[in-house]
Amino acid sequence: MITLTYKDLHRQFKLNGRSYSKVELKEVAYSLVKEGEEYERAIGDFLIDWLNDKSTIIVHTSGSTGKPKPITLQKQQMVNSACATGNFFHLQPNDTALLCLSADFIAGKMMLVRAMVLGLSIDCVAPSSKPLVKSKSSYDFVAMVPLQFRNSLNELDDVKKLIVGGAPVSYALKKEFLNASQRTKVYETYGMTETITHIAIKPLLGELIASDIDLDVFSTLADIKISSDERGCLVINAPLVSDKIIHTNDMVELISDKQFKWLGRFDNIINSGGVKLFPEQIEAKLSPILEARFFVTGLPDEKLGQKLVLIVEEIQEVPVLQEKIEKLTSLNKYEIPKQIFLADNFVETESGKIKRKATLDKIAF
435 MITLTYKDLH RQFKLNGRSY SKVELKEVAY SLVKEGEEYE RAIGDFLIDW
485 LNDKSTIIVH TSGSTGKPKP ITLQKQQMVN SACATGNFFH LQPNDTALLC
535 LSADFIAGKM MLVRAMVLGL SIDCVAPSSK PLVKSKSSYD FVAMVPLQFR
585 NSLNELDDVK KLIVGGAPVS YALKKEFLNA SQRTKVYETY GMTETITHIA
635 IKPLLGELIA SDIDLDVFST LADIKISSDE RGCLVINAPL VSDKIIHTND
685 MVELISDKQF KWLGRFDNII NSGGVKLFPE QIEAKLSPIL EARFFVTGLP
735 DEKLGQKLVL IVEEIQEVPV LQEKIEKLTS LNKYEIPKQI FLADNFVETE
785 SGKIKRKATL DKIAF
């Protein structure tokens, strides 16, 4: 069995349709940094770091739950991650891929690593909310965030396999996908910078056919085992991509040491009158009646400790929306928001994740 290392550049690797040796690729990287557009400079910077003699590389977290922080990753572990993804999705040399994410963050960087390690032919485009609109090519493998996925539903026939990560995919978006296309195999991913992108995957279509939010089960990639701590949060043992056991703040329902259901973030839990509420689960139930972006959170309350409120990005008829919410049979009485607030624009990270606390700080309650 051949062991791939970060020092290897697959002979079938192509960048924007051209093959390169390591020396030639370094020259291209320097040219991108010096003369390229902003997204190309990020690609060039990463390639320069990847092709140097160091065994590690510094990446930054997305900053969705705090300030972005630098993390040092082993290049060989990034190769291991790329191989695990390649094995799971049966990616082959000369398969085509599209980089439409920023190479400033781990998801974009790993698309490049997968291409260099597995011998993919990868095209790079400027990150945008509609990455496939101007594309005239078809692709075997693409990674997107949910916003890009939503805006690409009419072009998905040009993609064979799509992974969606960075944030949960709403139930409403999943239903839109089912109505729009069934030819593309779409997978939702679970992971973080510390795990070098995804360590668990679930097929979107299987869940949709079941038409049951409770069947939200992730399965881990090979050589990864999971457990939970005393808080009910996920603990990840992934020796091929991390030297340490990773303790997360993601509350889960364990199905086995290979499967779990994601419930929500521990730091987002709302304690309302002694009842623990998971915002992410409530948001999934609200998705069918809300087209605008939104989230639920807890605000201080004298009687309850915290009261559940709904924050919606666009102008809505609040009484009409409240009536729709009260008619939802999927919500129990504790999950009905006590108040609805409107926000002009949500605060986002550079990678498009909603910064809940920063958004709340803008609203006059």
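Counting from 435, one number per residue, gives the positions in the sequence shown under the working numbering.
In this text, a Cβ means the ideal position worked out from N, Cα and C, and glycines have one as well.
Bear in mind that the values here come from a model prediction, so they are computed numbers and not experimental data.
Query                                                                                                                                                                                            : Result
Less than 7 Å separating the Cβ of residue 794 from some heavy atom of the ligand ZN?                                                                                                            : The ligand ZN is not part of this structure, which contains no ligands at all.
Tell me, please, which residues DSSP counts as bridged to residue 622.                                                                                                                           : 598 and 636
Helix, strand or coil for residue 782? Go by DSSP, reduced to three states.                                                                                                                      : strand
Identify, in the order they occur along the chain, each residue of the same chain with its Cβ nearer than 6 Å to the Cβ of residue 622, setting aside the five sequence neighbours on each side. : 598, 603, 636 and 638
Would you be able to state if there are at least three C-beta pairs under 8 Å between the stretch 554–561 and the stretch 522–533?                                                               : yes
Quick one: using the 10 Å Cβ neighbour count with 16 as the cut-off for buried, is residue 584 buried or exposed?                                                                                : buried
Could you give the distance in angstroms between the alpha-carbon of residue 676 and the alpha-carbon of residue 633?                                                                            : 11 Å
Mind checking who residue 504 pairs with in its DSSP beta bridge?                                                                                                                                : 494
Can residue 451 and residue 463 be called in contact, C-beta distance under 8 Å?                                                                                                                 : no
For the beta strand (DSSP E) that residue 665 lies in, which residues bound it at each end?                                                                                                      : Taken as a continuous stretch (DSSP letters only), residue 665 belongs to no beta strand (DSSP E), as it is neither H nor E.
Closest to residue 699 by C-alpha separation, out of 607, 733, 751 and 686, would be which residue?                                                                                              : 686
Would you call the stretch 437–444 and the stretch 540–554 in contact, with 3 or more CB pairs under 8 Å?                                                                                        : yes
To the nearest angstrom, report how far apart residue 658 and residue 678 are at their CA atoms.                                                                                                 : 12 Å
Between residue 607 and the rest of its own chain, which residues show a CB-CB distance below 6 Å, the 5 nearest in sequence each way excluded?                                                  : 584
Which stretch, first to last residue, makes up the beta strand (DSSP E) that contains residue 754?                                                                                               : Here residue 754 belongs to no beta strand (DSSP E); instead the alpha helix (DSSP H) covers 752–760.
Determine the DSSP secondary structure at residue 699, reduced to helix, strand or coil.                                                                                                         : strand
Do residue 629 and residue 601 have their C-beta atoms within less than 8 Å of each other?                                                                                                       : no
Going by the DSSP bridge assignment, what does residue 734 pair with across the sheet?                                                                                                           : 740
Could you check what DSSP says for residue 517 in three-state terms: helix, strand or coil?                                                                                                      : helix
Answer yes if the stretch 518–529 comes into contact with the stretch 454–461, meaning at least three C-beta pairs across the two stretches below 8 Å, and no otherwise.                         : no
Can the beta-carbon of residue 745 be found less than 8 Å from the beta-carbon of residue 775?                                                                                                   : yes
Tell me, which residues are paired with residue 710 by DSSP?                                                                                                                                     : 705
Using a 10 Å radius around the Cβ and a threshold of 16 neighbouring Cβ atoms, would you call residue 547 buried or exposed?                                                                     : buried
What are the residues that DSSP puts in a beta bridge with residue 557?                                                                                                                          : 532
For residue 577, which of helix, strand or coil comes out of DSSP?                                                                                                                               : strand
Taking a contact to mean a Cβ-Cβ separation below 8 Å, would you say residue 618 touches residue 596 in this structure?                                                                          : yes
Please determine, among 692, 491 and 481, the residue with the shortest C-alpha to C-alpha distance to residue 467.                                                                              : 481
Sort out for me which residues DSSP pairs residue 453 with in a bridge.                                                                                                                          : 448
Would you kindly check if the distance between the Cβ of residue 739 and the Cβ of residue 705 is under 8 Å?                                                                                     : yes
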